[in-house]
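Numbering (the numbering used here), first residue to last: 12 to 144.
Put into C-alpha cells, the structure is as follows:
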C-alpha cells in the first residue's frame with residue numbers, strides 16, 4: 012500500500028524548492044490514484060514515466076510546474092530499459108518468476124517497472140541505479 016499523502020507532500024516540497032522528486036514504480040491502480048491527486052494541484056507539475064509504451068507500472072517525476080518537465084527527457088533520465096537474453100520461456104510456466112528472481116539478486120520490486128518477455132528475451136524497465144548493480 013502506498014501513502015498518497017506522503018507522495019503529495021513530497022511533490023509539494025519539490026515544487027516549493029524548485030527541485031525534482033521521483034516516486035518508485037507504482038502499479039496501475041496506485042498510479043491512477045496518485046495522478047488524480049496531483050492533477051488537482053496547480054502548484055505541482057508532473058509526468059508519468061514507465062520505460063515502455065503503454066507501461067502498466069509507472070513512476071512520477073514531480074517538480075514546480077514552471078519548470079515544465081519534458082516527458083522524453085524524464086523518461087530517459089528516470090527509466091532504463093534492460094534486456095536479458097537467453098530466457099527459457101518454456102520452463103517459466105504460467106506464473107511470472109520475475110519477482111522472485113529479482114528479489115533473489117537484491118533488486119527491490121519498487122525499482123522495477125513492466126517486464127515484457129518476447130521470444131528468448133526479457134525487457135524490463137528499471138530505475139537507473141538497478142542497471143548499475
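Heads up, the beta-carbon is just placed ideally off N, CA and C, and yes, glycines get one too.
For residue 62 and residue 68, the gap between their C-alpha atoms comes out near 9 Å.
Residue burial is scored here from C-beta neighbours: residue 116 has fewer than 16 other C-beta atoms within 10 angstroms and is therefore classed as exposed. Listed in chain order, the non-local C-beta contacts of residue 39 below 6 Å within the same chain comprise 67, local neighbours out to five positions each way being set aside. Looking from the CA of residue 43, the closest CA among 30, 53, 60 belongs to 60. Between residue 90 and the set 18, 126, 112, 29, the nearest pair of CA atoms involves 126. Shown here, residue 45 sits in a helix according to DSSP, grouped into three states. Bounds of the alpha helix (DSSP H) holding residue 112 are 109-115. Residue 141 is not a Cβ neighbour of residue 92, given a cutoff of 9 Å.
Under DSSP, the beta-bridge partners assigned to residue 128 are 133. CA-CA distance, residue 18 to residue 139, rounds to 20 Å. Per DSSP, the beta bridge partners of residue 69 are 37. For the pair residue 47 and residue 131, the Cα-to-Cα distance works out to about 38 Å.
By the 16-neighbour rule on beta-carbons within 10 angstroms, residue 24 is exposed.
In this model, residue 32 and residue 21 are separated by some 7 Å (Cα to Cα).
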